[in-house]
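The opening residue of the sequence shown carries number 0 in numbering that gives the first Met the number 0; numbering runs sequentially from there.
The C-beta atom is built at its ideal place from N, Cα and C for all residues, glycine as well.
Following: one structure in structure tokens, then a few remarks.
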Amino acid sequence: MGALLLISAGKHFRDPGFYRDVVPGYLCRQDPSPGTDQSNRDQPNTDQRGTDQGNVDRSGMDRSSVDQGAAAQHPLAVLSRDEWIAVSGLLELAAAVGILLPPTRKLTATALTAMFTAFLAGHVDALVRAYGPAGSSRRRKIHTVRLPLQVPLILWAWSLRKPALPANRRGGRA
0 MGALLLISAG KHFRDPGFYR DVVPGYLCRQ DPSPGTDQSN RDQPNTDQRG TDQGNVDRSG
60 MDRSSVDQGA AAQHPLAVLS RDEWIAVSGL LELAAAVGIL LPPTRKLTAT ALTAMFTAFL
120 AGHVDALVRA YGPAGSSRRR KIHTVRLPLQ VPLILWAWSL RKPALPANRR GGRA
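See the structure below:
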């Protein structure tokens, strides 16, 4: 688990785009774009056919919730999407260390279980968006696989709360 967490923490900083879809939009602070007039923020870009062309960013993320202004922000929207990715990477790095140290192992395993359980919300949100109008076949496949992978991670983290058996209790003779 420690090695997996170290690898994942590093990936948060090397390839943050891998995690963008699993950060729910309602957790992301809505900072006004530089040079954006606040009065035009509620006006979507439309082409002559009347279809909305301005609510998908270059990563394919639906920005419609971003364009609704600061007044509609969720109370937990205290960080930007990139800040959430960095914070979760730092938490995984700390967990990698904590899980390896016997005095902090049980507490860290409990916290990891809670963290992986909390991440379920992001995976469900990403899966729902992947099957929505802005979704793609590729995103549907990715998130259909990513969501169920959380269950073994949660169970594994929970199992690490138990202390290892002493050498003389493992069934062998001391």
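Just checking my contact of Ile98 with Met0 at CB under 8 Å: how many whole Å lie between their CB atoms?
Sure, about 5 Å apart at Cβ, within 8 Å.
Please classify Phe12: is it buried, with 16 or more other beta-carbons within 10 angstroms of its beta-carbon, or exposed?
Exposed is the label assigned to Phe12, since fewer than 16 other Cβ atoms lie within 10 Å of its Cβ.
To test your reading of the DSSP string, which unbroken beta strand (DSSP E) runs of 3 or more residues are found completely within the stretch 106–152?
DSSP runs (the beta strand (DSSP E)) wholly in the stretch 106–152: none.
Give the C-beta separation of Thr210 and Ala94 to the nearest angstrom, bearing in mind that I take them to be a contact with Cβ-Cβ under 8 Å.
In the structure as shown, the chain begins at 0 and stops at 173. Residue 210 is therefore absent and cannot be evaluated.
Quickly, what does DSSP pair Leu78 with across the bridge? List them, please.
Cys27, per the DSSP bridge assignment.
Is it buried or exposed, Gly16, if we count other Cβ atoms within 10 angstroms and call 16 or more buried?
So Gly16 counts as exposed.
So which of Ser87, Val77, Glu82 and Pro102 has the shortest CA-CA distance to Leu4?
Closest by alpha carbon: Ser87.
Is Ala76 near Leu26, with beta carbons less than 7 Å apart?
Contact flag set, yes.
Span separating the alpha-carbon of Ser79 from that of Gly24:
The straight-line gap separating the alpha-carbon atoms of Ser79 and Gly24 is approximately 9 Å.
Quick one: using the 10 Å Cβ neighbour count with 16 as the cut-off for buried, is Val21 buried or exposed?
In this structure Val21 is buried. Its beta-carbon is surrounded by 16 or more other beta-carbon atoms within 10 angstroms.
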